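Participant:
Number of protein chains: 2
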Amino acid sequence: MKKGEKLSESLEDYLEVILELETTRKVARAKDIAEKTGVKRGSVTSALKSLGEKKLINYEPYSYVTLTPEGKKIAEGISSRHSILKEFLYKILQIDETEAEATACRMEHAVDQKTLDRLVCFFDFIYKCPRLGVNRLQAFMKRCGKKIPDPATCKKCMDSSADEK
Amino acid sequence: MKKGEKLSESLEDYLEVILELETTRKVARAKDIAEKTGVKRGSVTSALKSLGEKKLINYEPYSYVTLTPEGKKIAEGISSRHSILKEFLYKILQIDETEAEATACRMEHAVDQKTLDRLVCFFDFIYKCPRLGVNRLQAFMKRCGKKIPDPATCKKCMDSSADEK
DNA sequence: ATACTAAGTAAAGTATGTCTAACTTTTTTT
DNA sequence: AAAAAAAGTTAGACATACTTTACTTAGTAT
Numbered sequence: 003m004k005k006g007e008k009l010s011e012s013l014e015d016y017l018e019v020i021l022e023l024e025t026t027r028k029v030a031r032a033k034d035i036a037e038k039t040g041v042k043r044g045s046v047t048s049a050l051k052s053l054g055e056k057k058l059i060n061y062e063p064y065s066y067v068t069l070t071p072e073g074k075k076i077a078e079g080i081s082s083r084h085s086i087l088k089e090f091l092y093k094i095l096q097i098d099e100t101e102a103e104a105t106a107c108r109m110e111h112a113v114d115q116k117t118l119d120r121l122v123c124f125f126d127f128i129y130k131c132p133r134l135g136v137n138r139l140q141a142f143m144k145r146c147g148k149k150i151p152d153p154a155t156c157k158k159c160m161d162s163s164a165d166e167k
Numbered sequence: 003m004k005k006g007e008k009l010s011e012s013l014e015d016y017l018e019v020i021l022e023l024e025t026t027r028k029v030a031r032a033k034d035i036a037e038k039t040g041v042k043r044g045s046v047t048s049a050l051k052s053l054g055e056k057k058l059i060n061y062e063p064y065s066y067v068t069l070t071p072e073g074k075k076i077a078e079g080i081s082s083r084h085s086i087l088k089e090f091l092y093k094i095l096q097i098d099e100t101e102a103e104a105t106a107c108r109m110e111h112a113v114d115q116k117t118l119d120r121l122v123c124f125f126d127f128i129y130k131c132p133r134l135g136v137n138r139l140q141a142f143m144k145r146c147g148k149k150i151p152d153p154a155t156c157k158k159c160m161d162s163s164a165d166e167k
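Quick note, the sequences are listed as chains A and B, same order.
Numbered according to this note's numbering, the first sequence spans residues 3 to 167.
Numbered according to this note's numbering, the second sequence spans residues 3 to 167.
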């Protein structure tokens, strides 16, 4: 698996699921992979063969699979993308958790490393800038679309202490 | 084209490009579509047939194509997703324009309407909240990863007027 | 230990979406 | 108006990724 070649979204999903299963149940079995990814068992076999050829998993027919170091690195990368995106959707945009989860799943294949780095940096600002106050943003997002603060509200807010709710 | 069925990423891309060509050159021709999408002419023909069957474009062999009202609605939706995502990447995360463009292209197929609505709402806060001051956030993002403000800097910022650079 | 059941695999079929190469239609040039 | 060029189409091939059905292997229970 050369660095230049990039995995299909489908194979990325398999790796992510395998990592999750390895973590929660020690080993990943085809049946569980099928359930988690929502595909049939037969499809899993093909995917595992493909991942095995790419040296991303240790695959022996009729046995459970484990990630190779290379595969694990990739899986962890995807998982990290997922978490960061979900955090943005859930914590910043205040989208409900289930939906945030699903959208993060779709987005995780589309973002590159730079965007993620920037997102993390962005979180840093949002969470730490005392002038902003993350609660203030979150409160605004929660009533998103309902009403935009009028100038008077803004003035009041400006005069208040930064750390308050 | 029922509301429930959703287009493949590929077909979404074609619609988006067709809209763009209709806008900039009045009509969309297969050759231009091929260039914009980066596929060969033969592939475009197949895609156009498929879009034609779905009543999203008016397709007659050997003629240029136009979007049906339904197709236009979808294309505009995708285009809007693209713009909003690009704005987030470019204006907020301060990713350079070319890269923001490319990433938005990949992400536009993954986000749903709710996420977009929230993003727009989020922009509203970021741009309008005088306490935050969008310039402050942008300045922070520009030097992203270089250094995080120390408490002293924060204090100084808190004491300064909100609208300053 | 054998028979049963659950899990895994294999093969054949479907659907997308791409390419190439040959062919047809349209447009342009002369 | 005929020839040449450009644009569009068709057909066959390939890759991915999925399903279904039938078969094989592994694990469990008696």
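Glycine included, every Cβ here is placed at the ideal spot set by N, Cα and C.
No experiment lies behind these values; they were computed from the predicted model shown.
Looking at the structure shown, is B:Ile97 part of a helix, part of a strand, or coil, going by DSSP?
Facilitator: Here the question's residue 97 of chain B lines up with position 95 in the second sequence. Coil, per DSSP.
Participant: Does A:Ala32 get closer than 9 Å to chain B when you measure Cβ to Cβ?
Facilitator: As a first step, residue 32 of chain A is located in the first sequence; it is residue number 30 there, counting from the start. With 9 Å as the cut-off, A:Ala32 does not count as an interface residue toward chain B.
Participant: Name, going along the chain, the residues of the region 107-119 of chain B whose beta-carbon falls closer than 9 Å to a beta-carbon of chain A.
Facilitator: Answer in chain order: Cys107, Arg108, Met109, Glu110, His111, Ala112, Val113, Asp114, Lys116, Thr117 and Asp119.
Participant: For the 8 Å Cβ check, are there 3 or more pairs between the region 84-97 of chain A and the region 26-40 of chain A?
Facilitator: As far as the Cβ criterion goes, the region 84-97 of chain A does not touch the region 26-40 of chain A, which means the pair count is below three.
Participant: Compare the C-beta of A:Thr105 against all C-beta atoms of chain B and say whether one is closer than 9 Å.
Facilitator: Walking along the first sequence from the start, residue 105 of chain A turns up at place 103. Interface residue, yes.
Participant: Check A:Phe69 in the structure and name its three-state DSSP category.
Facilitator: Your numbering for residue 69 of chain A matches position 67 in the first sequence. For clarity, residue 69 of chain A is Leu in the given sequence; the question names Phe instead. If DSSP states are grouped into helix, strand and coil, A:Leu69 belongs with the strands.
Participant: CB B:Thr171 to CB B:Leu58, shorter than 9 Å?
Facilitator: The structure shown does not extend to residue 171 of chain B, since chain B is modelled only from 3 through 167, so no value can be given for it.
Participant: In angstroms, rounded to a whole number, what distance separates the CA positions of B:Phe90 and A:Val113?
Facilitator: Within the second sequence, numbered from 1, the residue matching residue 90 of chain B stands at position 88. Within the first sequence, numbered from 1, the residue matching residue 113 of chain A stands at position 111. Between B:Phe90 and A:Val113, the C-alpha separation is close to 13 Å.
Participant: Hey, A:Ser81 and A:Leu13: beta-carbon distance below 9 Å or not?
Facilitator: The residue labelled residue 81 of chain A in the question sits at position 79 within the first sequence. The residue labelled residue 13 of chain A in the question sits at position 11 within the first sequence. Not a contact, by the Cβ cut-off of 9 Å.
Participant: Would a check of beta-carbon distances place A:Glu99 closer than 9 Å to chain B?
Facilitator: As a working mapping, residue 99 of chain A is identified with position 97 in the first sequence. Not closer than 9 Å to any Cβ of chain B, the Cβ of A:Glu99 fails to qualify, so no.
Participant: What residue from B:Val19, B:Val41, B:Thr100 and B:Ile76 has the CA that sits closest to B:Val67's CA?
Facilitator: Within the second sequence, numbered from 1, the residue matching residue 67 of chain B stands at position 65. Nearest option by C-alpha distance: B:Val19.
Participant: Buried or exposed, going by whether 16 or more other CB atoms sit within 10 Å of the CB of B:Asp15?
Facilitator: Here residue 15 of chain B refers to the residue found at position 13 when the second sequence is read from its first residue. B:Asp15 comes out buried.
Participant: According to DSSP, is B:Ala30 helix, strand or coil?
Facilitator: On the second sequence, position 28 is the one that residue 30 of chain B refers to. Strand at B:Ala30.
Participant: With a 10 Å radius around its C-beta and 16 neighbouring C-beta atoms as the bar for buried, classify A:Gly135 as buried or exposed.
Facilitator: As a position in the first sequence, residue 135 of chain A is number 133, starting the count at 1. It is buried - the Cβ of A:Gly135 has at least 16 other Cβ atoms within 10 Å.
Participant: Kindly give me the distance between the Cβ atoms of A:Ser127 and B:Phe127, rounded to whole angstroms, as I take these residues to be in contact under 8 Å.
Facilitator: Here residue 127 of chain A refers to the residue found at position 125 when the first sequence is read from its first residue. Here residue 127 of chain B refers to the residue found at position 125 when the second sequence is read from its first residue. Looking at the sequence itself, residue 127 of chain A is Phe, so the reference to Ser does not match. Between B:Phe127 and A:Phe127 the Cβ distance is about 14 Å, and since that is not below 8 Å, they are no contact.
Participant: Say whether chain B places a C-beta atom closer than 9 Å to the C-beta of A:Glu166.
Facilitator: For the purposes of this step, residue 166 of chain A is taken as the residue at position 164 of the first sequence. Caution applies to A:Glu166, whose pLDDT of 49 falls short of 50 and renders its modelled position unreliable; the value that the coordinates give is listed next. It does not; no Cβ of chain B falls within 9 Å.
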